[in-house]
Ligand SMILES: NC(=O)c1ccc[n+]([C@@H]2O[C@H](COP(=O)([O-])OP(=O)(O)OC[C@H]3O[C@@H](n4cnc5c(N)ncnc54)[C@H](OP(=O)(O)O)[C@@H]3O)[C@@H](O)[C@H]2O)c1
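Okay, structure coming up:
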């Protein structure tokens, strides 16, 4: 059975315990990609935060690059003002020209300042670019952050299985666990099942944090050819005409399964399909209180085995 709202799971072998559903805060303050200020407001973000917390979804994921720091700022403010017992995850961007691994501690301190906290729960390397810093150097800097008491647990994001193994070994030499790898994973993008990442997570005892679990709305049937989001988001391959056409029957299936599983909305079916996979914690983005409440409603119930198998079978081509 999946976790009930009052049940928690560990992030990897770390001391962090979280509900098995997190909330992505990328759109909170991000103007360019998500249209913050135009499509949703600070009131919507406050509602999304509160609706999540009230439903027990208390793990929040952000990054220093989301809205150029605005997402960290608003998330930290909400966490402090509400006093809610939240778990905060953010990320270091290994951007070129930044000075490699020695840029990590100053960047982390800037993230802490923006969030207004003394320590972050989970600190992740945002993507795998080792042009200016080797995996060993980056992991060394993460271990230093743990030693300084600035972070509780550390993880990576967009790392391949072999990169994960190298990261795990480097951290292990410093006595630190690799808690997680955050990668794109949803019913229309099942690569982690075949590229070795899910297996590596299980073998190394790390959690797989699944980002874009709703394929940015495509899995819900929100978008059709000619109605894709404006700006850079709409240029992503998952908003292509061909992909939207191929995705439409899957969106219909999620609705059908949801109706049969106690009148559940498709977002909860999509999220609980991921929660049914051992070691996987989806991170669902929400721009509004209504979206956040509907997503968090995935906690407290699980899909039948038959429903999981049906979705597995219908989406096998995206493995
Ligand atoms: N590590 C990385 O490289 C990386 C990359 C991407 C994301 N992430 C993390 O993962 C989180 C989630 O990923 P994501 O935001 O890309 O994708 P997502 O969670 O699949 O989609 C979020 C978007 O889907 C729509 N939506 C969400 N809930 C809905 C609902 N109940 N009903 C209708 N529409 C709904 C909203 O957009 P509209 O209303 O505009 O359709 C929302 O902004 C991010 O916030 C971020 O923390 C990490």
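In the numbering used here, the protein residues as written are 9 to 327.
Ideal placement from N, C-alpha and C gives every residue a C-beta, glycine not left out.
Let me know the secondary structure DSSP gives residue i once reduced to three states.
i, result
"residue 9", "Note that residue 9 scores 39 on pLDDT, short of 50, meaning its location in the model is unreliable; the coordinates nonetheless yield the value given after this. Residue state, collapsed to three classes: coil."
"residue 307", "coil"
"residue 18", "strand"
"residue 285", "coil"
"residue 5", "Since the first residue shown for the chain is 9 and the last is 327, residue 5 is missing from the structure and cannot be characterised."
"residue 30", "strand"
"residue 44", "strand"
"residue 273", "coil"
"residue 104", "coil"
"residue 231", "coil"
"residue 325", "helix"
"residue 153", "helix"
"residue 214", "coil"
"residue 279", "helix"
"residue 198", "coil"
"residue 25", "strand"
"residue 222", "coil"
"residue 36", "coil"
Along the alpha helix (DSSP H) that carries residue i, what are the first and last residues, could you check?
i, result
"residue 266", "249 to 268"
"residue 190", "Premise fails: residue 190 lies in the beta strand (DSSP E), 186 to 192, not in any alpha helix (DSSP H)."
"residue 86", "78 to 90"
"residue 120", "112 to 123"
"residue 56", "50 to 62"
"residue 173", "169 to 181"
Quick one: give me the first and last residue of the beta strand (DSSP E) that residue i is part of.
i, result
"residue 68", "67 to 69"
"residue 129", "128 to 133"
"residue 165", "159 to 165"
"residue 296", "Careful: residue 296 lies outside any beta strand (DSSP E) and carries neither H nor E."
"residue 96", "95 to 100"
For the putative contact between residue i and residue j, defined by C-beta atoms under 8 Å, what is the C-beta separation to the nearest angstrom?
i, j, result
"residue 149", "residue 113", "6 Å"
"residue 170", "residue 136", "Not quite, the Cβ-Cβ distance comes to about 10 Å (not below 8 Å), so this is no contact."
"residue 141", "residue 109", "4 Å"
"residue 208", "residue 184", "That belief does not hold up - the Cβ atoms of residue 208 and residue 184 are roughly 17 Å apart, past 8 Å."
"residue 94", "residue 132", "Rounded, the Cβ-Cβ distance is 17 Å, inconsistent with contact."
"residue 99", "residue 72", "7 Å"
"residue 327", "residue 201", "5 Å"
"residue 301", "residue 63", "6 Å"
"residue 215", "residue 187", "7 Å"
"residue 101", "residue 134", "5 Å"
"residue 252", "residue 232", "6 Å"
"residue 259", "residue 229", "3 Å"
"residue 61", "residue 90", "7 Å"
"residue 65", "residue 30", "7 Å"
"residue 69", "residue 97", "5 Å"
With contact counted as at least three CB pairs below 8 Å, one residue from each stretch, are the region 86 to 106 and the region 50 to 69 in contact?
-> They touch, by the three-pair rule.
Just checking, does the region 117 to 133 make contact with the region 33 to 45 on the three C-beta pairs under 8 Å criterion?
-> no
Inspect the CB distances between the region 302 to 318 and the region 223 to 231 and report whether three or more fall short of 8 Å.
-> no
How about the region 287 to 294 and the region 254 to 265: do they share at least three Cβ pairs that are nearer than 8 Å?
-> no
Say whether the region 212 to 220 touches the region 310 to 318, bearing in mind that this needs 3 or more beta-carbon pairs closer than 8 Å, one atom from each stretch.
-> no
Do the region 243 to 251 and the region 38 to 52 touch if we need at least three Cβ pairs shorter than 8 Å?
-> no
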